[in-house]
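Quick note on the numbering used here: the sequence shown kicks off at -9 and runs consecutively.
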Amino acid sequence: MATASSVPPETVRALPTDAARQVQWGFADRFDLQLLVQSARAVARGPVARLVASGGRNSHEWTDGKAALLEAFDRAGITAVFMEPEEGGLFAGPKNLALALVAFELAWVDGGAATASLAGCLALSPIHERGTKEQKRHYMRLAAPAQPGEDRKPWRGAFCLTEPIPYVGVDTGMLNGKFRIAEWKPGEDPVLQVEKRGRFITNIGFANFVTAAVDSDDERIKGSCIVILEESDPGVFDRGTPTRKMVHQLSSTGDPIFKLRVPASRIVGGYEIKDGVLVPHYNHSEIIEAVFRRTRVTVGIMTAAKLLSSVEPVIRYQRGRFRGAETATPGSVRYELGLQAREDALHRLVDVWATGEASASLAFAAARVFDDLDPLEKEMEGLYASRGLTALKAKAKLLREAADEAVSLLQLPLDDERRDALNSDLRLRFVALDSLADVLCPAAKLWNTGWGAQMMREAVSLMGGYGITEDCPGFLGNKWMDAQLEATYEGPEAVQRRQLSVTMTSPMFLAQFRSWIREMRGIASDHPGTGACALATAMTMWLWTINHLQKGRDADGGKLYQSARQGVTFPLADALCWLVAARCQILDVLRLEQQGGDDASLAEGLPGLVNFLIDLCHVQTARASGEVARICAELVFGYNRHPAWDKEGTCSCWRADELDELENLMPGINSYAFDVVGNNGSHPQKAGPCVNCGAAQPFLSLHTKLDGCLTGSRLAKDRAAESISKIMIPEALDYPA
Ligand SMILES: Cc1cc2nc3c(=O)[nH]c(=O)nc-3n(C[C@H](O)[C@H](O)[C@H](O)COP(=O)(O)OP(=O)(O)OC[C@H]3O[C@@H](n4cnc5c(N)ncnc54)[C@H](O)[C@@H]3O)c2cc1C
-9 MATASSVPPE TVRALPTDAA RQVQWGFADR FDLQLLVQSA RAVARGPVAR LVASGGRNSH
51 EWTDGKAALL EAFDRAGITA VFMEPEEGGL FAGPKNLALA LVAFELAWVD GGAATASLAG
111 CLALSPIHER GTKEQKRHYM RLAAPAQPGE DRKPWRGAFC LTEPIPYVGV DTGMLNGKFR
171 IAEWKPGEDP VLQVEKRGRF ITNIGFANFV TAAVDSDDER IKGSCIVILE ESDPGVFDRG
231 TPTRKMVHQL SSTGDPIFKL RVPASRIVGG YEIKDGVLVP HYNHSEIIEA VFRRTRVTVG
291 IMTAAKLLSS VEPVIRYQRG RFRGAETATP GSVRYELGLQ AREDALHRLV DVWATGEASA
351 SLAFAAARVF DDLDPLEKEM EGLYASRGLT ALKAKAKLLR EAADEAVSLL QLPLDDERRD
411 ALNSDLRLRF VALDSLADVL CPAAKLWNTG WGAQMMREAV SLMGGYGITE DCPGFLGNKW
471 MDAQLEATYE GPEAVQRRQL SVTMTSPMFL AQFRSWIREM RGIASDHPGT GACALATAMT
531 MWLWTINHLQ KGRDADGGKL YQSARQGVTF PLADALCWLV AARCQILDVL RLEQQGGDDA
591 SLAEGLPGLV NFLIDLCHVQ TARASGEVAR ICAELVFGYN RHPAWDKEGT CSCWRADELD
651 ELENLMPGIN SYAFDVVGNN GSHPQKAGPC VNCGAAQPFL SLHTKLDGCL TGSRLAKDRA
711 AESISKIMIP EALDYPA
């Protein structure tokens, strides 16, 4: 008789539904966002998909078909997401998750369409983040879609930072764009002459306004700024020729030239006059930092959407691969399973799917953190004002003290009441969330797009030759190439790694990271199948390694952890991303398990779906742990010089004659000794005496432990693979090929 424990676990029956995703990605209680998803999806799988299928990507020009998409975005409410209701927007409050969901839906079909929509927000972002009240009111209203009865076209914007080589690229400080005072009548605002050339500027084919980074070319102006340019300003507003892109062809990109006269009131955030000198309130770097901090999350989400969108077309292709052949009769394995009868085809799809899950969870987590952070930032402004803190130094001091306090509270046991302040004290909540955002944003941009592009190649390869044709369902070939742009624009991987190498060492972040290790062990005890225990061990290894490298020196005495040493800091940043992404994935699946039952439409298939997603977590944590172990081992040992068969290297080796003498006292010692140097100087055939790893012994113990922690991960992969071979998919893709 079967016992309860021998009942096979429930398996997943169908692809995750919207209801499941709403719980996983934290918007089950946001009906407004659920509606927005449906609207964005209708545009993506309707007009966008039809344009791609009809060859809309084959032209670099800004065509009527592409322009029609912008109007479709307006009608669907996508353009209005960025604005507040009083500016013509859809809803009040933070918009990070909303924008991430729109990006996800559009990029599910085409990254260029998503970019065309997001670039408008990027152009407005400097004004949104640091603009004066008047600037915000003016430009947000102009950019909002027309209300019923209004006869006007919404303004479109472009964000212009990058310049022709040799100026601004990754290094945003090398500005060649200039502004100077053209006219300054007594008692009036100065008039500026702005000269800026852009390179690869999105939306430029149709932009009505541009937010451009420029530096002072006038001793009467101090520093740099972001300035707003309009197409009707006197002078040259040359959109340049379209960039001959191989990616994202549904967005407009070009190299514009601007030589314009504009009033000084266009300086974003305003300015003051000090001793006859015009001083912008914000320099271009301050504004860019505030802007990219949020907008990069949405770029990260785009690649996640691509990976998850590839699952259904790949399953359909694999299943139908041999149908129609004489030997593949209905009911035969060849007919029913097609390529899915082959383990490797399934295992690779498991990897693609697991990466898609982890990257979506990471980027949506980052978006939610910014949604939580936005109101806190405003509350903090209130706190500064109530304490009379205006100077940057005074604010920084308050934040430093709060961070110290939060770090010491985080070290207390979980049940210590003093920890409650971490949730109730505004300062402490702010510093904790801020340091988290500082890590999650670059991690989502870096890992999702960089590793995502690699995994998109895997997805394409699963479709064989079809994958690299224009006919490939789901446009997978396009998505693979597009992913590389997502890894590049808004700062390529080096920029994200550079930022992480600073933010991941903040004591505030590290204190939270330590608490994640405890959190993962706790989860592992209730849900051993998630791989959370392996993840906790890999986290411990990462922590040990960064600590070791921060203090350590290389074989020549050079400091290891320092900004110039990208060979150390960058791989550690990569390793952290694997950990952060896998953790977010686990947390989302647990949320689904705990809250999914509240939704009647989900309840029935929930256990099977959760079991499957847990198996994907296990697969992903195993991969993440392996990556971390590989990267850390290389860094811990790679900067030591290997001993050679020279005097110094052999000083701790046995000599053959010594051993012979000892053999008389301790018979058998000869058979235990290795690295023995012969009386004639001969030595074993290898690179040198084996390394003495004394200082790295704790690392080796962790490594051994981690290897053991991988136990069961391949069984999880086998189960996930089998589930995929049985999962139901719709008859046909819901957007054209
Ligand atoms: C289709 C498209 C649309 C774009 N849209 C816009 C837009 O709307 N607005 C805008 O302002 N820009 C836009 N860009 C520009 C984009 O942001 C830049 O291309 C990107 O930031 C990289 O700059 P770069 O091309 O000059 O590369 P480079 O700066 O020349 O970098 C080349 C390589 O060197 C590496 N590298 C450079 N510096 C360092 C360093 N310090 N440390 C380590 N490695 C380094 C980089 O990681 C990269 O791998 C767009 C680009 C494209 C292709």
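Ideal Cβ placement from N, Cα and C applies to all residues, glycine included. On a predicted model such as this, the values are computed, not experimentally measured, just so you know.
Straight-line gap, residue i to residue j (C-alpha atoms, nearest Å)
i, j, result
"V340", "D406", "42 Å"
"V237", "A685", "49 Å"
"V304", "L452", "7 Å"
"P6", "I257", "47 Å"
"G79", "R146", "15 Å"
"L430", "E617", "19 Å"
"I536", "K85", "35 Å"
"T(-7)", "V666", "Legend: pLDDT at T(-7) = 47, less than 50; position of this residue unreliable, value from coordinates given subsequently. Rounded to whole angstroms, T(-7) to V666 spans 60 Å at the Cα level."
"Q401", "Y261", "44 Å"
"A411", "H517", "29 Å"
"L60", "P135", "10 Å"
"P(-2)", "M498", "44 Å"
"Y725", "W437", "28 Å"
"S703", "S553", "36 Å"
"T1", "E221", "58 Å"
"A571", "S351", "7 Å"
"L690", "H538", "13 Å"
"S642", "A634", "12 Å"
"S107", "L723", "24 Å"
"V450", "C111", "31 Å"
"V626", "G639", "20 Å"
"N193", "K56", "11 Å"
"M(-9)", "D605", "Because the pLDDT of M(-9) is 40, which lies under 50, any placement of that residue in the model is unreliable, and the number read from its coordinates should be weighed accordingly. Looking at the two C-alpha atoms, the distance is approximately 28 Å."
"A4", "A711", "14 Å"
"T293", "A97", "7 Å"
"G45", "L466", "15 Å"
"E367", "W470", "37 Å"
"R120", "E74", "16 Å"
"G177", "L389", "40 Å"
Residues bridged to residue i [DSSP beta-bridge criterion]
i, result
"T201", "F149, I218"
"T728", "There is no way to answer for residue 728, as the model of the chain reaches only from -9 to 727."
"Q675", "Paired residues: none, contrary to the question."
"V667", "R645"
"I576", "None; I576 has no bridge partner."
"A4", "M718"
"E173", "V181"
"P270", "Y261"
"S206", "F169"
"V(-3)", "Paired residue(s): none; V(-3) is not in a bridge."
"G225", "L250"
Closest residue to residue i among the options (Cα-Cα distance)
i, options, result
"C150", "A109, W174, P144", "A109"
"D245", "N630, I155, V181", "I155"
"F190", "K296, S241, R419, L418", "S241"
"V269", "T285, G678, T439, R210", "R210"
"D589", "P180, P(-1), Q12", "Q12"
"G678", "D636, N670, I714, G159", "D636"
"G481", "N682, R286, E140", "R286"
"N273", "E395, P116, A82", "P116"
"R631", "G547, C574, A396, A565", "G547"
"L114", "V301, N682, V281", "V281"
"P37", "E95, A18, P75", "E95"
"A614", "P403, N654, M531, I659", "M531"
"L89", "R338, T288, G163, A315", "T288"
Distance cut-off 8 Å: residue i Cβ against heavy atoms of ligand 2
i, result
"R189", "Of the ligands one can find in the structure shown, namely ligand 1, none is ligand 2."
Exercise. Within the chosen definition, does the segment 157 to 174 reach the segment 101 to 112 through at least 3 CB pairs nearer than 8 Å?
Worked result: no
Exercise. Touch check for the segment 439 to 449 and the segment 361 to 376: three-plus C-beta pairs under 8 Å?
Worked result: no
Exercise. On the three-pair Cβ rule with 8 Å, is the segment 214 to 232 touching the segment 33 to 41?
Worked result: no
For this session: Kindly confirm or deny that the segment 519 to 527 and the segment 568 to 584 touch, where touching means at least three C-beta pairs closer than 8 Å.
Result: yes
Exercise. If you pair each beta-carbon of the segment 648 to 656 with each one of the segment 686 to 700, do three or more pairs fall below 8 Å?
Worked result: no
Exercise. How about the segment 482 to 492 and the segment 552 to 569: do they share at least three Cβ pairs that are nearer than 8 Å?
Worked result: yes
Exercise. Between the segment 268 to 286 and the segment 496 to 515, are three or more C-beta pairs nearer than 8 Å?
Worked result: no
Exercise. With contact counted as at least three CB pairs below 8 Å, one residue from each stretch, are the segment 603 to 613 and the segment 703 to 714 in contact?
Worked result: yes
Exercise. Should the segment 421 to 435 be regarded as contacting the segment 474 to 489, the criterion being three or more beta carbon pairs within less than 8 Å?
Worked result: yes
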